[in-house]
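*Asks:*
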Amino acid sequence: MGQGTDERSDDRSTVRVSDALRHESSSGSVWEWLRRFELWLFVDAHRWSIIGLLTASVFFAVVLGVVLAPPSVMEYLVRGTALAKGYVELQTIDVTVITIVLSINQLVLSPELGTVGEQQSRLDEVLDNRTNAEELGDRPTTPMAPNEYLQFLVETTRGRVERLRETVAEGGDRTLRRNVEAYADDVVRETDRVAAALDDRQFGTIELMGAAMHFTTAEKIHAVRDLHERHAESLSDEEAEAFDDVLDALELYTVAREYFRALYVRWEFIDFSRAILYLGLPAVVVAHVSIGFIGAQAFAGTLFGLPTLFLYEAAAFTVAMVPVVVVISYAARLSTLAKAGIFVSPFSPEREGGHWEE
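In terms of our numbering, the sequence shown is residues 11 to 368.
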């Protein structure tokens with residue numbers, strides 16, 4: 011029992027959105043490593059951790075940049091420049107960023123505020139998807155939790171692929187049997203991993219999206235359609251129906267995954283807006299207060315061998331830049347997920363076309 015738990019934990023820990031997006035490469039080159047790190051930074055890493063990392067980077071970059079510069083730069087910042095004017099501009103930037111983000115948030119969430127007819131249409135579409143899934147999976151009802159519903163569709167797809175394998179095995183076309191066998195092995199291997207990764211994944215977390223996106227339905231749909239078309243003349247009615255069932259199962263999963271992806275993007279926008287509200291006000295206050303009293307005589311003495319006024323400038327500038335850092339952090343994830351969802355199966359711009367053959 012303990013061993014099974016450990017194996018499941020290992021499988022779950024390796025399933026990430028970045029892995030699903032970058033397509034595995036065995037080159038091991040520096041560029042591949044950088045691409046992997048970039049996707050981890052943009053998508054997998056916790057947004058508040060990225061905000062903290064970027065904020066600290068801004069502060070230390072300012073300090074190091076001035077410390078390593080000629081002494082005249084430090085002298086100019088401490089005594090020779092009108093610092094208050096800079097914080098006036100920073101305050102304007104902060105207010106503008108907050109306003110723009112909240113405006114975009116209204117546009118993103120506007121579908122949630124539709125009329126009764128629009129809400130009824132949305133409900134009918136969701137219920138139709140559930141009804142189709144229940145009929146295909148021979149179940150009276152489908153799970154309510156998003157991760158369990160996706161898990162149900164993954165297992166349904168596997169069941170239909172196994173039925174296709176069994177149906178074709180009774181026929182006489184050896185090429186078809188060999189190709190279907192290879193296709194079924196690939197689907198079963200992938201569905202086992204995805205179903206295990208979906209266990210206990212809560213909606214609203216990037217881990218759920220990572221598990222869901224690891225099922226490459228674009229390739230599976232293209233492959234099953236290609237096999238069906240190339241052997242259409244020799245297929246029996248039962249074999250043709252088995253092919254159709256596999257295609258239906260893959261389509262249901264794809265639609266459900268893209269629906270949950272769209273909902274997740276809206277969920278992220280809500281967290282994005284909250285982060286701006288939580289951190290935007292302190293940034294505006296710090297910038298505004300700095301306008302009033304900062305100057306050459308505001309902070310006397312030194313700290314850690316550096317002028318106290320300069321350290322305050324660096325800290326105040328960093329706090330004033332936090333709203334911009336929040337935008338960068340969330341925009342990186344949202345834009346990456348949006349780009350990944352532009353193409354709907356069976357289109358996949360990262361792959362080349364071809365036939366499924368073993």
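Cβ atoms here follow ideal geometry from the backbone N, Cα and C, with glycine treated the same way.
Measuring CB to CB, does Ala-205 end up less than 7 Å from Glu-165?
*Replies:* On the sequence shown, position 195 is the one that residue 205 refers to. On the sequence shown, position 155 is the one that residue 165 refers to. For Ala-205 and Glu-165, yes; Cβs fall inside 7 Å.
*Asks:* How many angstroms separate the CA atom of Thr-177 from the CA atom of Thr-201?
*Replies:* Counted from its first residue, the sequence shown places residue 177 at position 167. Counted from its first residue, the sequence shown places residue 201 at position 191. Approximately 20 Å between the Cα atoms of the pair.
*Asks:* Just the C-alpha distance for Val-332 and Pro-153, rounded to the nearest angstrom, thanks.
*Replies:* For this step, residue 332 is matched to residue 322 along the sequence shown. For this step, residue 153 is matched to residue 143 along the sequence shown. Computed Cα separation, rounded: 41 Å.
*Asks:* Between Val-334, Ala-252, Asp-183, Val-190, which has its C-alpha nearest Ser-244's C-alpha?
*Replies:* By one-based count along the sequence shown, residue 244 stands at place 234. Checking every option, the nearest Cα to that of Ser-244 belongs to Asp-183.
*Asks:* Using CA atoms only, rank isn't needed, just tell me which of Ser-131, Ile-231, Pro-80, Ser-339 is closest to Ile-61.
*Replies:* Residue 61 sits at position 51 when you count from the first residue of the sequence shown. Here the closest residue by C-alpha is Ser-339.
*Asks:* Output needed for Asp-104: all residues of its chain with C-beta closer than 7 Å, excluding positions within five of it in sequence on either side, in chain order.
*Replies:* Within the sequence shown, residue 104 is the residue found at index 94, counting from 1. Taken in chain order, the residues that qualify are Gly-290, Ala-293, Val-294, Ala-297, Ala-330, Pro-333.
*Asks:* What first and last residue would you give for the alpha helix (DSSP H) that runs through Glu-243?
*Replies:* What you label residue 243 is simply residue 233 of the sequence shown in a count that begins at 1. Note, Glu-243: premise wrong, no alpha helix (DSSP H); not H, not E.
*Asks:* By the DSSP assignment, the alpha helix (DSSP H) with Thr-167 in it spans what residues?
*Replies:* Here residue 167 corresponds to residue number 157 of the sequence shown, with the count starting at 1. Segment 156 to 179, the alpha helix (DSSP H) holding Thr-167.
*Asks:* Would you mind stating whether Ser-345 and Asn-115 have Cβ atoms separated by less than 7 Å?
*Replies:* Here residue 345 refers to the residue found at position 335 of the sequence shown. Here residue 115 refers to the residue found at position 105 of the sequence shown. Their beta carbons are not under 7 Å apart, which means Ser-345 does not touch Asn-115 by this criterion.
*Asks:* For Thr-328 versus Val-68, is the C-beta spacing smaller than 7 Å?
*Replies:* Along the sequence shown, read from residue 1 onward, the residue named residue 328 stands at position 318. Along the sequence shown, read from residue 1 onward, the residue named residue 68 stands at position 58. In this structure, Val-68 lies closer than 7 Å to Thr-328 by Cβ.
*Asks:* Roughly how many angstroms separate the alpha carbons of Arg-175 and Thr-185, rounded to a whole number?
*Replies:* For the purposes of this step, residue 175 is taken as residue 165 along the sequence shown, with counting starting at 1. For the purposes of this step, residue 185 is taken as residue 175 along the sequence shown, with counting starting at 1. Distance between the alpha carbons of Arg-175 and Thr-185: 13 Å.
*Asks:* Give me the DSSP bridge partner(s) of Leu-316.
*Replies:* Against the sequence shown, residue 316 aligns to sequence position 306. Beta-bridge pairing links Leu-316 to Leu-313.
*Asks:* Does the Cβ-Cβ distance between Tyr-274 and Leu-163 come in under 7 Å?
*Replies:* Along the sequence shown, read from residue 1 onward, the residue named residue 274 stands at position 264. Along the sequence shown, read from residue 1 onward, the residue named residue 163 stands at position 153. Taking 7 Å as the Cβ cut-off, Tyr-274 and Leu-163 do not qualify as a contacting pair.
*Asks:* By the 10 Å Cβ neighbour count, where 16 or more other Cβ atoms means buried, how is Ser-35 classified, buried or exposed?
*Replies:* Residue 35 sits at position 25 when you count from the first residue of the sequence shown. Reliability fails at Ser-35, whose pLDDT of 46 lies under 50, so the model's placement of it is uncertain and the value that follows must be treated cautiously. Exposed, by the Cβ-count rule.
*Asks:* Please list, in chain order, all residues of the same chain as Lys-349 whose beta carbon is under 8 Å from its beta carbon, the five residues on each side excluded.
*Replies:* Working through the sequence shown from its first residue, we reach residue 349 at position 339. Contacts found: none.
*Asks:* Quick one: is Ser-113 buried, meaning 16 or more other Cβ sit within 10 Å of its Cβ, or exposed?
*Replies:* As a position in the sequence shown, residue 113 is number 103, starting the count at 1. By the neighbour-count rule (16 or more Cβ atoms within 10 Å), Ser-113 is not buried but exposed.
*Asks:* Grouping DSSP H, G and I as helix and E and B as strand, with all else coil, what is Asp-138?
*Replies:* Here residue 138 corresponds to residue number 128 of the sequence shown, with the count starting at 1. Asp-138: helix per DSSP, three-state reduction.
*Asks:* On the three-state DSSP scale, how would you describe Ala-348?
*Replies:* Within the sequence shown, the letter at position 338 stands for residue 348. Note: Ala-348 maps to helix in three-state DSSP.
*Asks:* Exposed or buried, what is Lys-95 when buried is set at 16 or more other beta-carbons lying within 10 Å of its beta-carbon?
*Replies:* Within the sequence shown, the letter at position 85 stands for residue 95. So Lys-95 counts as exposed.
*Asks:* Does the stretch 214 to 230 touch the stretch 135 to 142, meaning 3 or more C-beta pairs lie closer than 8 Å?
*Replies:* Not touching, per the Cβ criterion.
*Asks:* Provide the residue span of the alpha helix (DSSP H) that contains Trp-50, from first to last.
*Replies:* If you number the sequence shown from 1, residue 50 lands on position 40. That residue, Trp-50, is in no alpha helix (DSSP H); it is neither H nor E in DSSP.
*Asks:* Beta-carbon separation of His-238 and Phe-225 under 7 Å?
*Replies:* Here the question's residue 238 lines up with position 228 in the sequence shown. Here the question's residue 225 lines up with position 215 in the sequence shown. It is not a contact, given that the beta carbons lie outside the stated cut-off.
*Asks:* Please state whether DSSP places Ser-39 in a helix, a strand or coil.
*Replies:* Numbered from its first residue, the sequence shown carries residue 39 at position 29. If DSSP states are grouped into helix, strand and coil, Ser-39 belongs with coil.
*Asks:* Alpha carbons only, please: which of Leu-119, Ala-192, Ser-82 is nearest the one belonging to Arg-276?
*Replies:* Residue numbering aside, residue 276 sits at position 266 when the sequence shown is read from its first letter. For the residues Leu-119, Ala-192, Ser-82, the minimum Cα distance to Arg-276 belongs to Leu-119.
*Asks:* Expressed to the nearest angstrom, what Euclidean distance is found between the alpha-carbon atoms of Leu-74 and Glu-42?
*Replies:* As a working mapping, residue 74 is identified with position 64 in the sequence shown. As a working mapping, residue 42 is identified with position 32 in the sequence shown. Answer to the nearest angstrom: the Cα atoms are 30 Å apart.
*Asks:* For Thr-65, which residues in the same chain have their Cβ closer than 7 Å to its Cβ, ignoring the five residues on either side in sequence?
*Replies:* Within the sequence shown, the letter at position 55 stands for residue 65. Once the five neighbours on either side are set aside, the close Cβ partners of Thr-65 are Thr-328, Val-332, Val-335.
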